[in-house]
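Residue numbers (my numbering): 134 to 393.
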């Protein structure tokens, strides 16, 4: 079984396709996965691997480790372009997520004021006001929308909550408006004998309608980059991503960043 990628709370820095030199913050266990999606393409594997034994890092521990790493980088004359919350699961599930964001912004301002703070989130916790407020304080709230079609979203992202829906999350994202970036992964393949494909013209049309409603400041369009737990999924060629991006920008007026 494919397992989690990150075994540290603060990891990197790494070169991100989308964000530059990124210092990572993992709010999930170090030996397991906690997520409200169970995506077919998740590089950290399926949720079936379990939450592990280490538990979620405390707010105090995250701040201590982040300060230590930032001071070390500053002494070496190295600075991250961005501090990025990602890791082995969904960061906004952490019960102290808002406080951790406060600590991170304070440490960023003190130790590397030119760095941005980004959160890669799957949009499932936008019903929590404290999560939304925290996301609105960071430089880059990068929020997921993989499909504008309910059945495709459920097949690809496999949300844990039956109440989570495309219609609901589009309205929640629209309420955050131009402060956010919407992130969409395009891929195709099959799972349990059923085709999964969010790259068709009808799928792009549905995404365009959703983007028009949300009006984000930017859209990030990308594809798989590492091994995925559902091995039939394929990497979409850059030319196809760029063609979809051009169509989306023409239809919405929203800039699209392509990563392949």
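Backbone N, C-alpha and C define an ideal beta-carbon position, used for all residues, glycine too.
Predicted model, so just to flag it, every value in this text is computed and none were measured.
How about residue i and residue j: do their beta carbons lie closer than 9 Å?
i, j, result
"residue 185", "residue 164", "yes"
"residue 251", "residue 215", "yes"
"residue 174", "residue 357", "yes"
"residue 340", "residue 390", "no"
"residue 274", "residue 254", "yes"
"residue 172", "residue 290", "yes"
"residue 271", "residue 244", "no"
"residue 225", "residue 261", "yes"
"residue 327", "residue 296", "no"
"residue 350", "residue 312", "yes"
"residue 268", "residue 316", "no"
"residue 240", "residue 278", "no"
What would DSSP say about residue i, mapped onto helix, strand or coil?
i, result
"residue 390", "strand"
"residue 400", "Nothing can be reported for residue 400: it is not among the residues displayed for the chain, which extend from 134 to 393."
"residue 170", "coil"
"residue 316", "strand"
"residue 309", "helix"
"residue 214", "coil"
"residue 144", "strand"
"residue 380", "helix"
"residue 394", "This structure leaves residue 394 out entirely; the chain is present only between 134 and 393."
"residue 330", "strand"
"residue 265", "helix"
"residue 179", "coil"
"residue 351", "strand"
"residue 154", "strand"
Do you know how far the Cα of residue j is from the Cα of residue i?
i, j, result
"residue 347", "residue 134", "37 Å"
"residue 156", "residue 206", "10 Å"
"residue 378", "residue 220", "27 Å"
"residue 159", "residue 218", "6 Å"
"residue 293", "residue 168", "8 Å"
"residue 141", "residue 187", "11 Å"
"residue 182", "residue 383", "42 Å"
"residue 242", "residue 249", "10 Å"
"residue 307", "residue 234", "22 Å"
"residue 280", "residue 286", "5 Å"
"residue 201", "residue 236", "13 Å"
"residue 314", "residue 257", "15 Å"
"residue 302", "residue 335", "19 Å"
"residue 208", "residue 143", "17 Å"
"residue 385", "residue 204", "43 Å"
"residue 392", "residue 375", "9 Å"
Looking only at its own chain, which residues have a Cβ that is under 7 Å from the Cβ of residue i, when we skip the five neighbours before and after it?
i, result
"residue 154", "146, 148, 213, 214"
"residue 265", "259, 309"
"residue 227", "160, 189, 233"
"residue 298", "283"
"residue 180", "166, 168, 171"
Quick one: residues in its chain with C-beta nearer than 8 Å to the C-beta of residue i, no 5 flanking neighbours on either side, listed in chain order?
i, result
"residue 332", "319, 320, 321, 369, 373, 377"
"residue 366", "173, 174, 320, 321, 322, 329, 357"
"residue 381", "337, 340, 341, 344, 352, 354, 387, 389"
"residue 300", "283"
"residue 136", "177, 178, 182"
"residue 263", "230, 231"
"residue 211", "146"
Go through its chain and collect everything with a Cβ distance to residue i's Cβ below 6 Å, but skip five positions before and after it.
i, result
"residue 139", "159, 220, 221"
"residue 94", "The structure shown does not extend to residue 94, since the chain is modelled only from 134 through 393, so no value can be given for it."
"residue 196", "236"
"residue 223", "168, 169, 255"
Count the CB pairs spanning the segment 322-336 and the segment 361-380 that are closer than 8 Å, and state whether there are at least three.
Between the segment 322-336 and the segment 361-380, the count of C-beta pairs closer than 8 Å reaches three or more; the two stretches touch.
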